[in-house]
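Just so it is clear: in the sequence shown, position 193 is 1176 by the working numbering, and no numbers are missing. Glycine included, C-beta positions come from ideal geometry on N, C-alpha and C. Every value quoted in this text rests on a predicted model; they were computed, and no experiment measured them.
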Amino acid sequence: MAGEKSGRTAVVPFRQFVLKVHSRCNLACTYCYIYTGPDRSWRTRPPTVPAATVRQTALRIAEHARTHRLREVRIDLHGGEPLLTGPGPLLEQAAAIRAALPDGCTAEFGLQTNGTLLTPGTLDTLAAAGFRLGLSLDGGTPGLNRRRTDHAGRPSWPAVSRAVRLLRDRPGVFAGILCTIDITADPAEVHDSLRALDPPMIDFLLPHANWSSPPPAAARGPHGPAGRTPYGDWLCTVFDLWWDGGPGPRVRVFTEILGLLLGRPSSSEAVGLSPVVALVVDTDGAIEQVDSLKSTYEGAAATGLDVFHHTFDEALAHPGMAARRSGRDGLGPQCRSCALVEVCGGGNYAHRYRADTGGFAHPSVYCADLERLIRHIAARLDATIALN
């Protein structure tokens, strides 16, 4: 079901709800755009989400599911670091949402964690409640995770490596790994070390950057000179290792691009033109757009709406949300006329921002990198098809 009729306008409802359950983090990763970026709204929000806010959010999710006759919704508990609450509140939050949902609608629960607080008991408890857990890592070795330290500068890897071992033994609970790209790291080492952890999925993320705050790129790194497309080159190297490496984890950015090249819709904001189906509810009940927008300017993710006074259908109509859901029409002229627009989709919305124009009607700051990667994947796909 792609959407329902509301009046005379077809709408695609939200299907993924990101609930911030803790607004602080026990790590101080050097590249974190939430705590080191221009948006500091986290400072004025409750560290933990109150139970009353969770109950009201559950009612809003149920209302949205009932209005649009949704049979399934995805609930992701995020932070900060959500395990700072301990498992008890997480179970209560899941129970409140499940109890509120209308008959015929089920909820899939996910939790994204840095892994440092995961224990066998916590994992058992969350697994029994139907949670799947994703890990945030920069690679599968201590050196690759050097940017992920606590507030005293101590490495997170010893604790995270224990979490990895726990999740490897529970493949039905392990959702996958999010990895922010560091182009100074050897792409083969990153790929091979993550693959060795046996995750079901790896999602390589471009660092959140834009035209006014460009991505980090060294003129010359330890693995050779950086060219015009350092991130595209890095990802092409990883793609070849993945494509030629036989059975292994799904790599989301690659499977998304392959699917788009074959005519399937996207399920990611990173590429493609499919409408956004996710929103965020912060610890104070504020309804917000995706966190990546906080890397652009103060208040970029804000809608002025909250779960106590507004429905999620009202959030659908918010101008910022509508702009991110308008497909090709929401892109600038350069992107609309590009031969790769159906696959690239303009890239991540936050990566298009430029302060001197005050807007997002620009190609991604990673435009050349995305073109490099998409054309490389298309060529490898064509060559494989030609052989069969």
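Where L1109 falls: helix, strand or coil (DSSP): helix
Best match in N1331, V995, A1298 for proximity to H1051 [C-alpha to C-alpha]: V995
Own chain partners of H1355 with C-beta closer than 6 Å, once the 5 adjacent residues on each side are dropped: In the sequence as presented, His is not what sits at residue 1355; that position holds Arg. Only T1212, G1215 meet the Cβ criterion.
Runs of beta strand (DSSP E) wholly within the segment 1247–1324 (minimum 3 residues, chain order): 1261–1264, 1269–1271, 1285–1289
Distance, G1123 Cα to A944 Cα: Here the chain comprises residues numbered 984 to 1371, so residue 944 is not present and cannot be evaluated.
Nearest-angstrom Cα separation, counted from C1327 out to A1361: 12 Å
Three-way DSSP call (helix, strand, coil) for T1019 in this model: helix
Stretch pair the segment 1284–1295 + the segment 1266–1275: three plus CB contacts closer than 8 Å: yes
Boundaries of the beta strand (DSSP E) in which C1162 is found, first to last residue: Per DSSP, C1162 is one residue of the beta strand (DSSP E) stretching across 1157–1163.
Pairwise C-alpha distance: D1289 and W1194: 30 Å
Residues bridged to H1005 [DSSP beta-bridge criterion]: T1031
DSSP-derived helix/strand/coil call for T992: Its pLDDT being 46, under 50, T992 is placed unreliably by the model, and nothing is read from it.
Which of helix, strand or coil DSSP assigns to H1061: strand
Residue from K1277, G1063, I1058, N1331 with nearest C-alpha to L1074: I1058
Cβ-based neighbour list, A1344, same chain, cut-off 7 Å, excluding 5 preceding and 5 following: Here the set comprises G1315.
Nearest neighbour of N1331, chosen from T1167, H1191, T1068, G1231 [CA to CA]: Distances from the alpha-carbon of N1331 to those of T1167, H1191, T1068, G1231 put H1191 closest.
Euclidean distance between Cα positions of F1295 and D1265: 14 Å
Contact the segment 1017–1027 vs the segment 1237–1250: 3+ CB pairs below 8 Å: no
Cutoff 7 Å; reference L1042; Cβ partners in own chain excluding five residues on either side: A1083
Rounded straight-line distance, which links the Cα of S1278 to that of Y1016: 6 Å
Range covered by the alpha helix (DSSP H) that runs through T1013: Note, T1013: premise wrong, no alpha helix (DSSP H); not H, not E.
Interface flag, R998 vs chain C, CB-CB below 8 Å: The question asks about chain C, but that chain is absent: this structure has only one protein chain.
F997, DSSP secondary structure in three states: coil
V1176 (DSSP reduced to helix, strand or coil): First, the residue type needs correcting, since residue 1176 is Ser and not Val in the sequence shown. Reduced to three states, the DSSP call for S1176 is helix.
Cβ-based burial, D1365 [other Cβ within 10 Å; buried from 16]: exposed
Same chain, Cβ closer than 8 Å to M1304, neighbours up to 5 away in sequence not counted: V1259, L1262, Q1272, T1286, A1298
As assigned by DSSP and simplified to three states, the class of R1358: Of the three classes helix, strand and coil, the one that applies to R1358 here is helix, per DSSP.
Every unbroken beta strand (DSSP E) within the segment 1088–1146, with a cutoff of 3 residues, ordered by chain: Segments of the beta strand (DSSP E) lying fully in the segment 1088–1146: 1089–1096, 1114–1119.
Beta-carbon spacing of L1060, L1094 below 8 Å: yes
Distance, L1245 Cα to P1208 Cα: In this predicted model, P1208 has a pLDDT of only 45, less than 50, meaning its place in the structure is not dependable; the value taken from the coordinates is given anyway. Spanning the two alpha carbons is a distance of roughly 34 Å.
Residue range of the unbroken beta strand (DSSP E) whose run includes F1237: Per DSSP, F1237 belongs to no beta strand (DSSP E); it is in the alpha helix (DSSP H), 1235–1244.
Exposed unless 16 or more other CB atoms sit within 10 angstroms - verdict on A1135: exposed
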